[in-house]
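Protein chains in written order, with my numbering: chain A, 1 to 313; chain B, 1 to 313. We treat Cβ as the ideally placed atom computed from N, Cα and C, and that holds for glycine.
Spelled out as structure tokens, the structure:
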């Protein structure tokens with residue numbers, strides 16, 4: 001298995017990405033090879049003095065970088081030698097099995113649309129994210145911001161993809177899928193939520209457990225996967241970030257707060273793309289990069305893409 | 001000034017509502033009279049043994065109660081002698097200046113629509129709610145769940161009403177109004193948010209400070225009022241409830257968490273109705289009821305209704 005890492009992506013790249021790759025190596029079995037995509041000269045410099053040698057990695061030279069502030073579509077088109085563009089070319093040609101990047105999110109999404117595309121039958125891909133649920137578990141939330149206006153048929157597909165993820169990556173037998181709504185009754189919510197409920201309620205594609213309200217997050221275990229449009233999902237994610245920020249500002253000492261720290265999850269899987277892609281936070285440190293790599297490995301290992309392909313008719 | 005209180009509304013009524021009224025009395029100046037609406041016999045029983053006498057209150061007998069689980073519209077029509085129905089009749093006939101109830105929220109909304117109506121020109125009324133912002137301040141968020149599908153012109157009116165509230169009740173000179181969105185740029189968000197930004201950006205009705213993201217809540221002070229549709233607002237409120245619940249479950253000791261406790265704010269003002277109406281949480285205890293009454297008094301004292309009337313052209 002080969003996992004591509006965008007060495008140049010993220011606010012603290014390439015130092016943090018390289019450090020994250022080294023940390024990931026310690027946890028990965030030898031059959032997993034990391035493919036670092038970036039400026040080989042800078043990489044060689046970083047190797048000096050580290051307990052690492054270039055033989056542990058594969059390298060692919062990228063002469064260019066898409067910066068965080070650049071216009072995604074324009075930069076992607078103008079910079080075919082950027083680490084992001086090359087990552088997608090490597091994916092498409094089968095030279096890597098998964099690609100992870102903490103770089104310009106917009107450019108990564110452009111890469112998905114123009115280079116590898118979405119799976120046949122997928123109306124819209126989604127960004128999935130993780131929220132803590134009790135002491136040990138997680139809730140998979142999607143879409144976390146890719147499609148601010150999602151129609152019921154799109155939300156239905158999110159549920160299928162989320163269910164496949166929870167089954168194949170988490171190993172759950174019969175994942176419970178909730179529809180984010182503002183009341184427990186079928187008649188509650190906005191037009192989209194009500195129509196989506198109608199679509200989901202007697203389905204045989206996944207285990208629908210009904211409406212899920214936002215006050216159930218963090219402590220409740222009624223749903224493993226919660227689906228909503230990208231506007232609402234992004235609001236939920238950012239409010240959880242606000243809470244984590246607050247805990248830092250006030251030096252809250254309870255270890256539960258660390259469960260809100262994105263670094264533990266590393267990256268957000270893109271579901272519905274033709275290949276495994278995981279997006280990291282721009283401010284990713286080495287730990288976040290390491291976990292993003294492990295996340296990517298887990299998705300490849302679970303054969304997630306083929307399983308989603310089969311589930312989407 | 002006369003403040004009507006639905007003595008029978010709420011899960012712990014009439015004991016908690018009565019206790020809350022007693023607590024409010026201690027903080028209210030003598031020119032504010034409380035009008036308790038409910039079963040006088042039960043009230044007399046509660047008076048026994050308390051350091052209170054019936055002369056401190058006005059009473060209006062209500063023979064009936066709309067229960068929490070009843071169908072709002074049907075119950076409101078079928079029970080003209082319920083405490084909620086009588087509350088609205090008293091408002092309309094000028095016998096009370098404001099009405100607060102922790103009873104069946106749906107029935108209260110029906111009362112607004114059928115008995116007192118909204119102000120001329122108001123497309124939709126909104127429920128406003130409060131979120132902590134730093135150590136001392138609050139953010140006024142609306143709509144918190146009344147209109148899950150709100151169009152840009154409705155959101156624009158929310159901004160006007162929120163601005164008037166922050167000016168007249170909080171005494172702010174030039175309240176800053178943010179549009180809840182999932183990015184800071186004008187082009188971000190769903191269709192509704194983008195069109196609303198367009199409407200708001202050069203307005204002269206209120207001080208628009210642009211998009212406001214959910215990760216700015218709790219610690220940031222960039223906006224005094226944040227507007228969004230009732231679906232998103234309800235999700236934000238319930239996620240904040242989830243944090244508070246988590247803090248209780250884990251015995252977090254930081255006093256900041258108490259700022260998430262709805263009991264401190266007591267009630268949610270309805271903005272856009274023709275009279276001052278404040279809705280309390282069903283699980284309100286005496287403290288919450290007291291604060292709901294004080295909230296109602298503040299809105300009457302600020303002459304909020306006339307100020308909103310003037311601001312809506």
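Any C-beta of chain A sitting closer than 8 angstroms to the C-beta of residue 254 of chain B? When Cβ-Cβ separations below 8 angstroms define contact, residue 254 of chain B makes contact with chain A.
Any beta-carbon of chain B closer than 8 angstroms to the one on residue 216 of chain A? By this cut-off, residue 216 of chain A is an interface position.
Got a sec: which bits of the stretch 238-270 of chain A sit with their beta carbon under 8 angstroms from any beta carbon on chain B, in order along the chain? Within the stretch 238-270 of chain A, the residues whose Cβ lies closer than 8 angstroms to some Cβ of chain B are 238, 239, 240, 241, 242, 243, 245, 246, 249, 250, 252, 254 and 256, listed in chain order.
With 16 as the cutoff for other CB atoms within 10 Å, does residue 77 of chain B come out buried or exposed? Residue 77 of chain B sits exposed, since fewer than 16 C-beta atoms from the chains shown fall within 10 Å of its C-beta.
In three-state DSSP terms, what is residue 2 of chain B? In this structure, residue 2 of chain B counts as strand in the three-state DSSP scheme.
Just the C-alpha distance for residue 28 of chain B and residue 84 of chain B, rounded to the nearest angstrom, thanks. Between residue 28 of chain B and residue 84 of chain B, the C-alpha separation is close to 23 angstroms.
Do the stretch 147-164 of chain A and the stretch 177-190 of chain A meet, that is, are 3 or more Cβ pairs less than 8 angstroms apart? Yes: at least three Cβ pairs fall under 8 angstroms.
Using CA coordinates, which residue listed in A:158, A:225 and A:147 is at the minimum distance from residue 312 of chain A? Selected option, being the one with the closest Cα: A:158.
Going by other Cβ atoms of all chains shown within 10 Å of its Cβ, with 16 needed for buried, is residue 114 of chain A buried or exposed? Burial call: exposed.
For residue 8 of chain B and residue 296 of chain B, what's the separation of their Cα atoms in angstroms? Looking at the two C-alpha atoms, the distance is approximately 17 angstroms.
Less than 6 angstroms between C-beta atoms, sequence neighbours within five positions excluded: which residues of the same chain meet that for residue 211 of chain B? Excluding five sequence positions before and after residue 211 of chain B, the CB atoms of its chain that fall closer than 6 angstroms to its own CB belong to 179, 181 and 184, given in chain order.
Residue 128 of chain A bridges to which residues according to DSSP? Residue 128 of chain A is bridged by DSSP to A:142.
Hey, out of B:280, B:156 and B:310, whose CA is closest to residue 226 of chain B's CA? It is B:156.
Kindly indicate if chain C contains any beta-carbon less than 8 angstroms away from that of residue 187 of chain A. As a matter of chain content, chain C is missing from the structure shown, whose protein chains are A and B.
Please report whether the beta-carbon of residue 236 of chain A lies at a distance below 8 angstroms from any beta-carbon of chain B. Answer yes: the Cβ-Cβ gap between residue 236 of chain A and chain B drops below 8 angstroms somewhere.
Please confirm if residue 207 of chain A has its CB atom under 8 angstroms from at least one CB of chain B. So, not an interface residue.
Limits of the alpha helix (DSSP H) - the one that residue 171 of chain A falls within: Element bounds for residue 171 of chain A: n/a, residue is neither H nor E.
Can you pull the chain B neighbours of residue 231 of chain A, defined as C-beta to C-beta under 9 angstroms? The contacting residues are 181, 182, 189, 190, 192, 193 and 232.
Can we say the stretch 129-136 of chain B touches the stretch 270-280 of chain B, given the rule of at least three CB pairs closer than 8 angstroms? A contact is defined here as three or more CB-CB pairs under 8 angstroms, and the stretch 129-136 of chain B fails this definition with respect to the stretch 270-280 of chain B.
Which partner residues does residue 58 of chain A have in the DSSP bridge list? A:35.
Touch test, the stretch 64-80 of chain B against the stretch 103-113 of chain B, Cβ-Cβ under 8 angstroms, three pairs minimum: Touching, yes, given that three or more Cβ pairs across the two stretches are closer than 8 angstroms.
Same chain, Cβ closer than 7 angstroms to residue 152 of chain A, neighbours up to 5 away in sequence not counted: Only 192, 195, 196 and 199 meet the Cβ criterion.
Roughly how many angstroms separate the alpha carbons of residue 97 of chain B and residue 59 of chain B, rounded to a whole number? Each residue's alpha carbon lies about 15 angstroms from the other.
If we ignore side chains and look at the alpha-carbon of each, how far apart do residue 36 of chain B and residue 57 of chain B end up? Straight-line Cα distance between these residues: approximately 7 angstroms.
Could you please tell me which residues of the stretch 124-149 of chain A, in chain order, have their CB closer than 7 angstroms to any CB of chain B? Among the residues of the stretch 124-149 of chain A, those with a Cβ less than 7 angstroms away from any Cβ of chain B are 145, 148 and 149, in the order of the chain.
Would the stretch 299-306 of chain A and the stretch 16-23 of chain B be scored as touching if the rule is three or more Cβ pairs under 8 angstroms? Inter-segment contact for the stretch 299-306 of chain A and the stretch 16-23 of chain B is absent: fewer than three beta-carbon pairs are separated by less than 8 angstroms.
Under a Cβ-count criterion, where at least 16 other Cβ atoms within 10 Å of its own Cβ denotes burial, should residue 4 of chain B be classed as buried or exposed? Its Cβ being crowded by 16 or more others within 10 Å, residue 4 of chain B is buried.
Assuming residue 242 of chain A and residue 214 of chain B form a contact by the criterion Cβ under 8 angstroms, report the distance between their Cβ atoms to the nearest whole angstrom. Yes, residue 242 of chain A and residue 214 of chain B are in contact; Cβ-Cβ is about 6 angstroms, under 8 angstroms.
Taking only beta-carbon atoms, is residue 314 of chain A less than 8 angstroms away from chain B? Because chain A in this structure spans residues 1 to 313, residue 314 of chain A falls outside the shown range and cannot be described.
Here's the rule: buried if 16 or more other CB atoms are within 10 angstroms of the residue's CB, otherwise exposed. What is residue 19 of chain A? Here residue 19 of chain A is buried, its C-beta having at least 16 other C-beta atoms within 10 Å.
What residue from B:220, B:91 and B:167 has the CA that sits closest to residue 207 of chain B's CA? Here the closest residue by C-alpha is B:167.
Apply the 10 Å Cβ neighbour rule to residue 314 of chain A and answer buried if 16 or more other Cβ atoms are within range, or exposed otherwise. Shown here, chain A extends from 1 to 313; a query on residue 314 of chain A therefore has no answer.
Which word fits residue 66 of chain A, buried or exposed, when buried means at least 16 other C-beta atoms lie within 10 angstroms of its C-beta? Label assigned to residue 66 of chain A: buried.
Work out the CA separation of residue 39 of chain B and residue 110 of chain B for me, nearest whole Å. Those two C-alpha atoms are separated by around 22 angstroms.
Terminal residues of the alpha helix (DSSP H) in which residue 247 of chain A lies: Annotation: the continuous alpha helix (DSSP H) that includes residue 247 of chain A extends over 230-249.
Go ahead and pull the three-state DSSP assignment for residue 302 of chain A. The three-state reading of DSSP puts residue 302 of chain A in coil, since its state is none of H, G, I, E or B.
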